[in-house]
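What follows is a single structure, written as structure tokens, with notes after it.
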Amino acid sequence: MQPASDPSRREFLKLLGGAAFAAPFVTSNLLAAPPSGIVRHASFGAAGMAMADISEIASHPNVRVVAVAEIDSGRLAGFRQKFPEARVYQDYRVLLEKEQLDSVNVSTPDHMHAPIAMAAMQRGINVYGQKPLTHDLHETRQLTEYARKKRLVTQMGIQIHSAAEYRMAVQLVQSGVIGKVREIHTWSSKAWGDNGAMPTRVDPVPAGLNWDLWLGVAAERPFIGEGWYHPGNWRRRLDFGTGTFGDMGCHIFDPVFKAVGLTSPVSVRSEGPAPNSHSWATDAVIRYVFPETPFTIKGSIPVTWYDGNQRPPAEVRALLEGRELPDQGSIVIGTGGVMVIPHVAMPILLPDAKFKGFKLPEVKGTNHWHQFVDAVRGVGKTSANFDYAGPLTEAVLLGSVATRFPKTTLDWSGRRLKFTNVKEANQFVRRAYRKGWETKGL
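In the numbering used here, the protein residues as written are 402 to 843.
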């Protein structure tokens, strides 16, 4: 269900290693946990990022993949070859009804993350959910609170969170190497948007694709082929994806969000173009204001996101002392230095004159997927559970809402999950699901 042609994801998978370790099966919230200690796992999605997730999870010696739900039978060949004994479904609801499971991965287009994850959690099943956690703010809050209430094991698919490179960045900031943080700039060269006109044609639905199930909670519409929606370009479309920021923001925001201890922003403002009637825009510049944290100077902290052709201003780029700006990454400016966090590479400390000869501490990465499996088995905890990934996703999705109101500062109350000064923006906090697809708890 996810596009298979994103090279950065393949690169991410190569970065993460680490062997799992055996331990007795301990659980307090799973349905009929098997005495053998084997985690019964199912996937929602069979190709692209879903296959990457299944493969990594299944590489844990205590996992058995028992089922998959995939709306396009044309994308099942690789899964069937790798997991020939697993049962295959099209409808995720049927799978959940028929299977006894301990865990699932939700690796579908963004608009179906919340309905599937919530349905699984309501059955006591632990969830590995791809980023962004959900399509909309209300969904994120509901999943976060439900998972906490039911004490379920959760993990969002920001796998670099567990890699040594991002862990290093967190440790350096929190140990005060660059002093107190004053401002942050983050960016991605990706351009998940579309300024063109929407095709007026209606194409035949490919054999094997259940278009109604693919639409799920989204409003009914005719199928358009040549990758307009499925499988490659749904990220560009307002109703199905969350644009460049939704795709890469959860990754690139992650190390600074964790390192600086950011919480809910107090305001957000878009300086870039607005989306059109069907697709997200590109070349975003989104300015956040976050409250201070123990790792920042006193007062509010500005954080700015850029994508497409946009980049930090010249005075910020000058801090790199002649180095080329990474294609994707962050610059964290502190009172005692600057840290560049390339996506994905070890952080760079500047200025050179101050940090020449500085020895980085030893920081090891862990396998993000195995961390989830072990937590399901009662061994350790996940580091990107929904209590962390929920607020991170909310911050990212606020940027997407802001693009709909260019050059307008939106004041935000995270406690109330509400924009307080532009009431029109609140219509994008929660969307209505298609009739017949209403989901309990959402």
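C-beta atoms are modelled at their ideal positions from N, C-alpha and C, and glycine is treated no differently.
Just so we're clear, the structure is a prediction, and the values are computed from it rather than from any experiment.
- Residue pairing by DSSP places Tyr707 opposite Trp588, Val686 in a beta bridge.
- For Gln572, the uninterrupted alpha helix (DSSP H) run begins and ends at 565-575, by DSSP.
- For Val717, there is no enclosing beta strand (DSSP E); the residue is part of the alpha helix (DSSP H) that begins and ends at 715-718.
- His442 and Phe806 have their C-alpha atoms spaced approximately 42 Å apart.
- A Cβ-Cβ contact shorter than 8 Å links Tyr707 with Trp588.
- Put simply, of Tyr630, Lys765, Thr697, Ile749 the residue whose alpha carbon is nearest the alpha carbon of Gly758 is Ile749.
- Apart from sequence neighbours up to five positions away, the residues of its chain that approach Lys659 with a beta-carbon distance below 6 Å are Val571, ordered along the chain.
- Beta-bridge partners of Ser678 (DSSP): none assigned.
- Within the DSSP bridge table, the entry for Ser668 names Val690, Asp812 as partners.
- About 18 Å separates the beta carbons of Val745 and Ile585, which is beyond the 8 Å limit, so they are not a contact pair.
- Lys755 sits in a helix when the DSSP states are folded into three classes.
- Contact check for Gly700 against Asp511 fails: the beta carbons are separated by 8 Å or more.
- Between the segment 719-732 and the segment 680-697 there are fewer than three inter-stretch CB-CB distances shorter than 8 Å, so the stretches are not counted as touching.
- When rounded, the separation of the alpha-carbon atoms in Met522 and Tyr493 is 13 Å.
- Each residue's CA atom was taken as its position, placing Ala608 and Ala448 some 17 Å apart.
- Taken through DSSP and simplified to helix, strand or coil, Pro743 comes out as strand.
- In this structure, Glu500 places its C-beta atom within 8 Å of the C-beta atom of Ala468.
- Judged by pairs of C-beta atoms under 8 Å, the segment 675-682 does not touch the segment 610-618, as fewer than three such pairs exist.
- For Ala785, the closest of Ser460, Lys532, Thr509 by C-alpha to C-alpha distance is Lys532.
- When DSSP states are grouped into helix, strand and coil, Leu616 belongs to the helix group.
- Within the same chain, Cβ atoms closer than 6 Å to the Cβ of Asp812 are found at Ser668, Thr821, Asn822, the five residues on either side in sequence being excluded.
- Proximity to Arg542 across Ala826, Lys824, Leu798 peaks at Leu798, based on C-alpha coordinates.
- Residue range 787-803 is occupied by the alpha helix (DSSP H) that includes Gly791.
- For Ile732, the enclosing beta strand (DSSP E) stretches over residues 729-735.
- Only residues of its own chain outside the window of five on either side were considered, and among them Leu616 have a CB closer than 8 Å to the CB of Arg622, listed in chain order.
- Straight across, the Cα-Cα distance linking Glu457 with Asn463 is about 12 Å.
- Around the Cβ of Asn710, a 10 Å sphere holds fewer than 16 other Cβ atoms; the residue is exposed.
- CA-CA distance, Val603 to Glu627, rounds to 11 Å.
- With fewer than 16 other Cβ atoms inside 10 Å of its own Cβ, Val495 counts as exposed.
- In this structure Pro792 is in contact with Thr664, their Cβ atoms being roughly 6 Å apart against a cut-off of 8 Å.
- Between Arg670 and Thr535, the C-beta spacing is not below 8 Å.
- Judged by their CB atoms, Leu477 and Val466 are not nearer to each other than the 8 Å cut-off.
- Comparing C-alpha distances from Tyr689 to each of Thr804, Ile439, Phe641 shows the shortest one belongs to Thr804.
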